[in-house]
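For the sequence shown, this note's numbering gives the first residue as 539, with consecutive numbering after it. Here is the structure we will look at, set down as C-alpha cells.
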Amino acid sequence: MSSPTNTRFAVAYHVLGLLASIPGEPLSSEQLAPSVGSSSVYLRRVLGLLRRAGFVQSKAGVFGGWQLARPSHEISLGDVWRAVQGDGPVLGIHGPPPGCPVGGSVSARLAEVEQRVARAIEAALDELTVADSLPDGAPFTVDILTVPARTNGAV
Numbered sequence: 539m540s541s542p543t544n545t546r547f548a549v550a551y552h553v554l555g556l557l558a559s560i561p562g563e564p565l566s567s568e569q570l571a572p573s574v575g576s577s578s579v580y581l582r583r584v585l586g587l588l589r590r591a592g593f594v595q596s597k598a599g600v601f602g603g604w605q606l607a608r609p610s611h612e613i614s615l616g617d618v619w620r621a622v623q624g625d626g627p628v629l630g631i632h633g634p635p636p637g638c639p640v641g642g643s644v645s646a647r648l649a650e651v652e653q654r655v656a657r658a659i660e661a662a663l664d665e666l667t668v669a670d671s672l673p674d675g676a677p678f679t680v681d682i683l684t685v686p687a688r689t690n691g692a693v
C-alpha cells in the first residue's frame, strides 16, 4: 500500500490514543514523538490543531505536557478527522493541462467522487471513538514510551 501524502489524521489518532492510554500524566511532545514516528515539531503542530478543537490541553513548564481535555469515549474519530483534515482534499486531484479534454473530464469526475469519498470517510469515522481502539492492558504507565520521563521541560 502506498503512503498517503497527509499523515495528520493518523498522527492525531495515534497521539490521542497514547494520551488516553497513559491517563493523568502530562506528556511532552519529545516523549510522544518516538512512538508516533514523527518529529516533536510536527507533533506540536498536530497537537495545536487538536487543542483548538478542544481534544487536548497543554501546560508549560518542567512538569507540563499534553493531556486529553475530555474522556476518550467522548472524542469521535470523525471529529478528529474534521479538526485535522479540514476541507482539504482526500484524493490527489491534479489540475488538468490547459486544452486537454480528457484531463478536464477526469478532474470533473474526480471532484464529484471526492465529495462522496469525503462523506463516506466521515460517516465511518463518526461511528468510532478514541476509546474504541485502546489496546488491551490500557491504561499504561509512561514506561511504555521509549524516551526518559523528562528531557528539557518542553511541551
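In this text, a Cβ means the ideal position worked out from N, Cα and C, and glycines have one as well.
Per DSSP, the continuous alpha helix (DSSP H) segment holding residue 574 begins and ends at 567-574. By the neighbour-count definition (other C-beta atoms within 10 Å, threshold 16), residue 569 is a buried residue. For residue 645, the enclosing alpha helix (DSSP H) covers residues 639-664. Between residue 595 and residue 546, the CB-CB gap reaches or exceeds 8 Å.
Per DSSP, the continuous alpha helix (DSSP H) segment holding residue 586 begins and ends at 578-590. Ranked by Cα distance from residue 548, the options 653, 637, 616, 598 are led by 616.
In the DSSP assignment, residue 557 falls within the alpha helix (DSSP H) that extends over 546-559. For the 8 Å CB-CB criterion, residue 553 and residue 587 do not form a contact.
Shown here, residue 622 sits in a helix according to DSSP, grouped into three states. In terms of Cβ geometry, residue 649 and residue 606 do not form a close pair [threshold 8 Å]. Of the candidates 670, 563, 577, 666, 666 places its Cα closest to the Cα of residue 619.
Scanning its chain for C-beta atoms nearer than 7 Å, with the 5 sequence neighbours on each side dropped, one finds around residue 571 the residues 577, 578, 581, in chain order. In the same chain as residue 608, and ignoring 5 residues on each side of it, the C-beta atoms closer than 8 Å to its own belong to 592, 593, in chain order. Distance check between residue 654 and each of 583, 555, 628, 556 places 628 closest, using alpha-carbon atoms only. Residue 600 has its alpha-carbon roughly 9 Å from the corresponding atom of residue 566. Pairing residue 632 with residue 670, the inter-Cα distance amounts to about 36 Å.
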